[in-house]
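Protein chains in written order, with the UniProt record's numbering: chain H, 1 to 220; chain C, 1 to 220.
Number of protein chains: 2
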Amino acid sequence: MRNEFHDALDGLTADLGDMCGRAGAMMRSATMALLEAESSEADRLQVDLKRLTSLGAAVHDRAYSLLALQAPVARDLRTLVAALHIAADADRMGALAAHVARTAKRRYPDCAVPPEVRDLFDQMGVVAVDLAALTQSAVLACDAEEAERVSAGDDRMDDLHRQLFARVITDRWQHGPTAAADVVLVGRFYERFADHAVEIARRVYFQATGTHLGAASSRL
Amino acid sequence: MRNEFHDALDGLTADLGDMCGRAGAMMRSATMALLEAESSEADRLQVDLKRLTSLGAAVHDRAYSLLALQAPVARDLRTLVAALHIAADADRMGALAAHVARTAKRRYPDCAVPPEVRDLFDQMGVVAVDLAALTQSAVLACDAEEAERVSAGDDRMDDLHRQLFARVITDRWQHGPTAAADVVLVGRFYERFADHAVEIARRVYFQATGTHLGAASSRL
């Protein structure tokens, strides 16, 4: 039987899905800014991040009140604790997207990304946005199988990140230390964005099943 | 009046303090390995990280059981939710220390850190270890004032990180892209280590006071 408490849980879930969607949209804009040497996105993403953070703060406060007032157990308890973690991870994903856009702005009107790694950032951007979308639907459906698929997407990101690093640290790199520094750091931002998506997926998996996904317990 | 529940909370706090202490010790070893071009620390820190992670998993499971069985409110509730977050942040600090040691191993027998940034990594190592120690005592004492002092230490880390980046991206950098990539990434590991210490401090502050420390709500 539905009641106000479960309506409140549904409201939290909807907001968390919204946060994942916003983080993905932010990374899409940030990747465009990076590849097209846009400077204006950085300030816009800073505004988006403020909004994302305040959404997370609202989720945190509501989850806390529900924990205190409803004394939930079993899956309801897992849902509320997961909400606290997921809000933090989705906020972090948005912050990493903002970092990417800031790097693009710092090098404007130049492009922070040299031609020979452009394809990798293009792919990392696609993988990051896909992961955010997959995470969003896993959160909204509280679906353990979708949560498992996020980990697979993260393997792809790790592979791209390894390729990126390998291209920078060869003697053929002709773009100097500034470009090398930008490329490895921005690559790290994409990799961490994907890691936080996986963290969210693991929370969803635990929320749905009460058991930990794969090596999830090793990342508690 | 004391009871088993509060003894269990004290046990969680002791384990969380232990985790912060271990993360600090790991970063001390990692910094030595980085500056002295040691390769053996990397494997030892991998073992330390496994132990840290299993401690965190145990804290997580006990905190969950207490949430479910005791239906805590007010400060007890904040303590248990903080424990879930602090265990995750302390585990992450240990993982970052392991990353530093792995970079040292990757360049062995060379030193991943060129002479002209050695002083900065030396200082970043000191600040990181100090922050971990300060965080440990804030956790153990659940002391809001000590928690506030952690943020000040983080400002120092951010300043060192800025100096590091500035030294790499000058035309005077003579060490090629591999060293540039290593230096900015390892610098990032130290900066993130400090950020997680601040996250823990914010959790402690909220646990102790029920209010958010400074901009803490923006990092939920």
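Glycine included, every Cβ here is placed at the ideal spot set by N, Cα and C. The structure presented is a predicted model; accordingly, all values stated were derived computationally and were not measured.
- Contacts with chain H at 8 Å (Cβ-Cβ) do not include V139(C).
- The DSSP assignment places 41-70 as complete runs of the alpha helix (DSSP H) inside the UniProt domain "PhoU" (18-103) of chain C, in order along the chain (cut-off: 4 residues).
- With a 10 Å radius around the Cβ and a threshold of 16 neighbouring Cβ atoms, H6(H) comes out exposed.
- By the CB criterion at 8 Å, V183(C) and A138(C) fall outside the cutoff.
- The C-beta of K50(H) has fewer than 16 other C-beta atoms within 10 Å across all chains shown, which makes the residue exposed.
- Residue contact check for V168(C) against chain H: a CB pair falls below 8 Å.
- Assigned with DSSP and collapsed to three states, Y108(C) falls in coil, not helix or strand.
- For V113(C), there is no enclosing alpha helix (DSSP H), as DSSP marks it with neither H nor E.
- Interface flag for T103(H) against chain C is unset, since no Cβ pair is found closer than 8 Å.
- Residues of chain C whose Cβ lies closer than 7 Å to the Cβ of R188(H) are, in chain order, L185 and R188.
- In this structure, the beta-carbon distance from A90(C) to C20(C) falls below 8 Å.
- Annotated as distal: A74(C) and D143(C), with beta-carbon spacing of 8 Å or more.
- Of the residues assessed, A63(H) falls on the buried side of the cut-off, its CB having 16 or more other CB atoms within 10 angstroms.
- Excluding its 5 nearest sequence neighbours in each direction, R92(H) has C-beta neighbours in its own chain below 7 Å: H196, listed in chain order.
- Taking one beta carbon from each stretch, the region 173-180 of chain C and the region 13-29 of chain C have fewer than 3 pairs nearer than 8 Å; the two do not touch.
- Contact check for A82(C) and F165(C): beta-carbon distance about 33 Å, past the 8 Å limit, so the pair fails to qualify.
- Contact between the region 153-168 of chain H and the region 128-135 of chain H is present: 3 or more CB-CB pairs across the two stretches fall below 8 Å.
- Straight-line spacing of the CA atoms in L80(C) and A147(H) works out to 26 Å.
- Within the model, the alpha-carbon separation for A87(H) versus D119(H) is close to 31 Å.
- F165(C) belongs to the set of residues whose beta carbon lies under 8 Å from a beta carbon in chain H.
- In the pairwise beta carbon analysis, the region 32-46 of chain C is classified as touching the region 100-111 of chain C: at least three pairs are separated by under 8 Å.
- Residues R203 of the same chain have their beta carbon placed closer than 7 Å to that of H85(H), with the five preceding and five following residues left out of the count.
- Around the CB of P115(C), fewer than 16 other CB atoms lie within 10 Å, so the residue is classed as exposed.
- A straight line joining the alpha-carbon of F121(H) with that of L69(C) spans about 48 Å.
- With respect to chain H, the C-beta atom of L52(C) has no partner C-beta closer than 8 Å.
- In summary, G11(H) is exposed, with fewer than 16 beta-carbon neighbours lying within 10 Å of its beta-carbon over all protein chains present.
- Scanning chain H for C-beta atoms nearer than 7 Å to the C-beta of A71(C) yields A71, reported in chain order.
- Residue state for D143(C) is assigned as coil, using DSSP reduced to three classes.
- Counted as a single uninterrupted DSSP element, the alpha helix (DSSP H) harbouring T209(H) occupies residues G176 to T209.
- Pairing L45(H) with S29(H) gives a Cβ-Cβ distance under 8 Å.
- Closest by C-alpha distance to H212(H), out of P109(H), Q163(H), Q174(H) and E145(H), is E145(H).
- Chain H has no Cβ within less than 8 Å of the Cβ of A133(C).
- Neighbours of A194(C) across chain H, judged by C-beta separation under 8 Å, do not exist; the nearest C-beta is about 16 Å away.
- The beta carbon of A68(H) sits closer than 8 Å to some beta carbon of chain C.
- Counting the other Cβ atoms within 10 Å of the Cβ of G24(H) gives 16 or more, which makes it buried.
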